[in-house]
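Visitor:
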Amino acid sequence: MATSLNPTYFIFLSAALFAIGVYGVIAKKNIIAVLVSIEMMLAAVNINLVAFNKFFTPEAFIGQIFAIFVVTVAAVEIGLGLALAIALVRKRGTTNLDDFDWLKW
Amino acid sequence: MHIDYSLLSTEIALAILGLIVFTLGLTLPSRSTNRGLGAFAIFGLLIVLGITVSFWGTQAELLAGMYLIDNFSVFFKILALVAAILIVFGTMSYANNNLSRQLEYYSTIIFATLGMIIMISAGDFITLYIGLELMTVSFIILVAFRKTDGHSLEAGIKYLILAGVSSAVLLYGLSLIYGATGTVYILELAELVTAGTISPLLVFGLVLLVAGFGFKISAAPFHMWAPDVYEGAPTPITAYLAVGSKAASFAILVRVFVGGLAGMQEQWATLLAVLAAISILLGNLVAIPQTNIKRMLAYSSIAQAGYIMVGLLTASPEGIKGVMFYAFIYLFATIGAFVVVCAVYEKTKSDEIASYAGLSQRSPLAAAVMLISLLSMAGIPPLAGFVGKFYLFTTITDNFMWLVYIGLIMSMVSVYYYLRVALVMYRDEPTDPTPIKMGAAVNVTLIIAMVATLVLGIYPTPLSELSNIAAQSFFTW
Amino acid sequence: MINWLGVLIFLLSGAAFGVIGIGISYLIQPRTKNRYKLEVYESGIPVKASAWVRFRNQYFTYALIFVIFDVEILYLYPWAVSFVELGLSGLIKMFIFIFILVLGLWYAWKEGAFEWR
Chain A
308 MATSLNPTYF IFLSAALFAI GVYGVIAKKN IIAVLVSIEM MLAAVNINLV
358 AFNKFFTPEA FIGQIFAIFV VTVAAVEIGL GLALAIALVR KRGTTNLDDF
408 DWLKW
Chain B
66 MHIDYSLLST EIALAILGLI VFTLGLTLPS RSTNRGLGAF AIFGLLIVLG
116 ITVSFWGTQA ELLAGMYLID NFSVFFKILA LVAAILIVFG TMSYANNNLS
166 RQLEYYSTII FATLGMIIMI SAGDFITLYI GLELMTVSFI ILVAFRKTDG
216 HSLEAGIKYL ILAGVSSAVL LYGLSLIYGA TGTVYILELA ELVTAGTISP
266 LLVFGLVLLV AGFGFKISAA PFHMWAPDVY EGAPTPITAY LAVGSKAASF
316 AILVRVFVGG LAGMQEQWAT LLAVLAAISI LLGNLVAIPQ TNIKRMLAYS
366 SIAQAGYIMV GLLTASPEGI KGVMFYAFIY LFATIGAFVV VCAVYEKTKS
416 DEIASYAGLS QRSPLAAAVM LISLLSMAGI PPLAGFVGKF YLFTTITDNF
466 MWLVYIGLIM SMVSVYYYLR VALVMYRDEP TDPTPIKMGA AVNVTLIIAM
516 VATLVLGIYP TPLSELSNIA AQSFFTW
Chain C
293 MINWLGVLIF LLSGAAFGVI GIGISYLIQP RTKNRYKLEV YESGIPVKAS
343 AWVRFRNQYF TYALIFVIFD VEILYLYPWA VSFVELGLSG LIKMFIFIFI
393 LVLGLWYAWK EGAFEWR
């Protein structure tokens, strides 16, 4: 297939997405926003995995299988995060991470 | 494709045990009749331990290298199971009195153990990731277990976020290594990665891998979750987090770095040496001003992670042997200390070091076990910790002499804060002189931990030989 | 660079599709102004209150359970595609998989996650 697409583009795309995710985790104050940022980091990983699978090992589907597992675990993590957020809202009435200072950081 | 399921019998048995405990808990009529679940879980775990021991000496791979069974993995599996059994056994009364939901508690502990065991045996990145996440997710649930207690919830949220970020970083590293080499199998990786084939992508992946694993073993500067989570989590979970999660993470760290990326030893050895040095320095120094015993033990465990990391630096059988030996000794010392913390908490409802005043009069056994465990962690000669540190640090005297000095000096510093607890226990007068009554299970666990720490210190040869055999098997792939 | 021309044309025609559609309707639409025009549902049911209300926690519990069970499709789909090759052993493994999920469903049921309180 004659395209001028090469893995570099995907590496840059995923690196950018990953960096945005890292920034979100550090800068955001709301649990939900932080969870979304973590999802972005995992999405960056998936882009990498699927792209590398396509370019380097097109006959084996290792990367795509890996991506499926990553998606699943990401869903589990989000489910758990939301459950904890609900419990926290019930208990403390806030989802702002700055309010969680009972334990020292 | 034919799969030899008998090689997986440990994992299958453990999964079935977890599901049975879960189903039993659901079918038993009321929460109060669930008390027997703990005993059932211990019984099941003992059977699984027996199955695992019978695998000693087996060397096999499953699914073209996705799953590796050798003495190295069997050693760490035994370690994880022993830790689970001792902790569940020693803290059963704590769990009965403080944690209302037995079904979720015991089944989640079993699933966390299953995650560790899968991770320990993992032969490729996918299995590694699944095991790691099964363990982490179970631990998040367990850390936030007392959901009516704000501290526990807050610790759970912090653990969730930092564990999520660390696994994302780890995964990104894994994906880059996959991109650079085209394989996810650790054994294949070892053949592909040689000194001549190192690309920038690979090095970048390696750095992210170090950061990701650094979180899991709570090595500084990736340690910031540990004190908060250790303090906020229910104490049995803190103990299991400190022992099981750390040991399993070290097992996979050895597997990936020494087993898979040995060709890049030059690159990662320096990196890990620096991490080890920071962990030892920071862990020991910050532990000094702590007033909460769980926080103090958390910082001490950061320092211990630094000591264990020393064994990886040379990528030699001697170093791996040191890692395994130290991990096993650390297990008994930590469980001894945390079971005492549990027992004292039940009586005083406090984790402050000040509430340990006069413990030697209130419960001589608890005080003695606490003292021996802490001294073993500090590495005082007749105890097991000394032998472990000796094995670890002798491997690096050629290349990393500066790290040996840091380790020695900081071990001496650590004696200070460990002995401070001893002083409070033995010198101070108790505010409430009533003796602390501990159940038979707690006493038995404490005695096992104490005897193991003493005996392995005086006569380390059998365990040393076992870990030597296990380390050899690691290098015969 | 010739390969990228297709992408450019695709992007431009995609944008044009939206712009032209909105533009034409803006040009030819009849304009009347009265207060019924400003209602949320024009000629529909009257609006009672603001849409920015707090939802009950119960909604989120449902959402959580949905998310968790939704993901199983990810594994069912590849299995369904290669159903014939995998044969009976694949079917048995899938039943084990579903069985474990059903245990989770049973738990959610017993915890009262499906009761509207």
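Same order as they appear, the protein sequences are chains A, B and C. Take the first sequence: its position 70, counted from the start at 1, is 377 in this note's numbering, and no numbers get skipped. Take the second sequence: its position 313, counted from the start at 1, is 378 in this note's numbering, and no numbers get skipped. Take the third sequence: its position 45, counted from the start at 1, is 337 in this note's numbering, and no numbers get skipped. C-beta atoms are modelled at their ideal positions from N, C-alpha and C, and glycine is treated no differently.
Return the residues of the segment 346-363 of chain C that lie within a Cβ-Cβ distance of less than 7 Å from chain A, sorted by chain order.
Guide: Hits within the stretch, in order: Asn-349, Phe-352, Leu-356, Val-359, Ile-360 and Val-363.
Visitor: Just to confirm, is the Cβ distance from B/Leu-350 to B/Val-480 under 9 Å?
Guide: Result no, Cβ atoms of B/Leu-350 and B/Val-480 do not sit closer than 9 Å.
Visitor: Looking at the structure shown, is A/Ala-309 part of a helix, part of a strand, or coil, going by DSSP?
Guide: Residue confidence is low: A/Ala-309 scores 44 on pLDDT, short of 50, so the model does not pin down where it sits. Its coordinate-derived value is still stated next. Coil.
Visitor: Based on Cα-Cα distance, which residue from B/Gly-90, B/Ile-523 and B/Phe-137 lies nearest to B/Leu-543?
Guide: Residue 543 of chain B lies beyond the residue range present for chain B, which begins at 66 and ends at 542; the question has no answer from this structure.
Visitor: Applying a beta-carbon distance threshold of less than 8 Å, which residues of chain A neighbour C/Leu-366?
Guide: Here the neighbours are Ile-375, Val-378 and Thr-379.
Visitor: Are the segment 392-405 of chain B and the segment 503-522 of chain B in contact at 8 Å, needing three or more beta carbon pairs?
Guide: Yes: at least three Cβ pairs fall under 8 Å.
Visitor: Do the segment 109-116 of chain B and the segment 225-239 of chain B make contact, defined as three or more Cβ pairs closer than 8 Å?
Guide: Cβ pair count under 8 Å is below three, so no.
Visitor: For B/Ala-449 and B/Phe-140, which I take to be in contact (beta-carbon distance under 8 Å), what is that distance rounded to the nearest angstrom?
Guide: The pair is not a contact, with the Cβ atoms about 16 Å apart (cut-off 8 Å).
Visitor: Alpha carbons only, please: which of B/Leu-337, B/Phe-105, B/Ile-195 and B/Gly-90 is nearest the one belonging to B/Met-374?
Guide: For B/Met-374, the nearest C-alpha among the options comes from B/Leu-337.
Visitor: As a quick exercise: from B/Ile-358, B/Tyr-224 and B/Met-466, pick the residue whose alpha carbon is nearest that of B/Val-409.
Guide: When each option's Cα is compared against that of B/Val-409, the closest is B/Ile-358.
Visitor: One question on the structure: do B/Thr-356 and B/Asn-464 come within less than 9 Å of each other, judged by their Cβ atoms?
Guide: Cβ distance not < 9 Å, so B/Thr-356 and B/Asn-464 don't count as in contact.
Visitor: What residues match up with B/Ile-134 in a beta bridge as DSSP calls it?
Guide: In the DSSP output, where bridge partners are listed per residue, B/Ile-134 has B/Ala-125.
Visitor: Check whether chain C comes within 9 Å of A/Ala-309, counting only Cβ atoms and requiring the distance to be less than that.
Guide: With a pLDDT of 44 at A/Ala-309, under the threshold of 50, the modelled position of that residue is not reliable, and the figure given next carries that caveat. Interface residue, yes.
Visitor: Along chain B, in chain order, which residues have C-beta atoms closer than 7 Å to that of C/Trp-398?
Guide: Residues of chain B passing the Cβ test: Leu-91.
Visitor: DSSP state of B/Ile-209, grouped into three classes?
Guide: It is Ala, not Ile, that sits at residue 209 of chain B in the sequence shown. Three-state result, B/Ala-209: coil.
Visitor: May I ask you to report which of helix, strand or coil DSSP gives A/Glu-346?
Guide: It is helical.
Visitor: Which ranges would you report for the beta strand (DSSP E) in the segment 302-336 of chain B if only whole runs of at least 3 residues count?
Guide: You should have found no qualifying run.
Visitor: For C/Trp-398 and C/Ala-405, what's the separation of their Cα atoms in angstroms?
Guide: Approximately 10 Å between the Cα atoms of the pair.
Visitor: Please state whether the Cβ-Cβ distance between B/Tyr-237 and B/Gly-270 is less than 9 Å.
Guide: For B/Tyr-237 and B/Gly-270, yes; Cβs fall inside 9 Å.
Visitor: Is it right to say B/Thr-201 is buried, meaning 16 or more other beta carbons lie within 10 angstroms of its own, or is it exposed?
Guide: So B/Thr-201 counts as buried.
Visitor: So, with DSSP's three-state summary, where would you put A/Asp-405?
Guide: Residue state, collapsed to three classes: helix.
Visitor: Could you tell me how far apart the beta carbons of B/Ala-276 and A/Val-352 are, in whole angstroms, since I believe they sit closer than 8 Å?
Guide: Rounded, the Cβ-Cβ distance is 14 Å, inconsistent with contact.
Visitor: Output yes if chain C places a C-beta closer than 9 Å to the C-beta of A/Val-341; else output no.
Guide: With 9 Å as the cut-off, A/Val-341 does not count as an interface residue toward chain C.
Visitor: For B/Ala-298, I'd like the list of residues in its chain whose CB is within less than 6 Å of its CB, leaving aside the five on either flank, ordered along the chain.
Guide: Closer than 6 Å at the Cβ level, and outside the excluded window around B/Ala-298, lie Val-208 and Ala-220.
Visitor: Taking A/Ala-382 and C/Val-363 to be in contact with their CB atoms under 8 Å, please state how far apart those CB atoms are, rounded to whole angstroms.
Guide: About 4 Å separates the two Cβ atoms, so the contact holds.
Visitor: Kindly say whether B/Ser-240, judged by its beta-carbon, lies nearer than 9 Å to any beta-carbon of chain A.
Guide: Closer than 9 Å: yes.
Visitor: Mind listing which residues of the segment 361-375 of chain A have their C-beta closer than 7 Å to chain B's C-betas, in chain order?
Guide: Hits within the stretch, in order: Phe-363, Thr-364, Ile-369, Gly-370, Ile-372 and Phe-373.
Visitor: Per DSSP, B/Asp-189 forms a beta bridge with which residues?
Guide: The partner list for B/Asp-189 (beta bridge, DSSP) reads B/Tyr-250.
Visitor: For B/Ala-307, collect the residues of the same chain with a Cβ closer than 8 Å to its Cβ; drop the 5 residues on either side in sequence, then sort them by chain order.
Guide: Same-chain partners within the cutoff: Tyr-295, Leu-362, Ala-363, Ser-366, Thr-399 and Phe-403.
Visitor: Check C/Asn-326 in the structure and name its three-state DSSP category.
Guide: Three-state result, C/Asn-326: coil.
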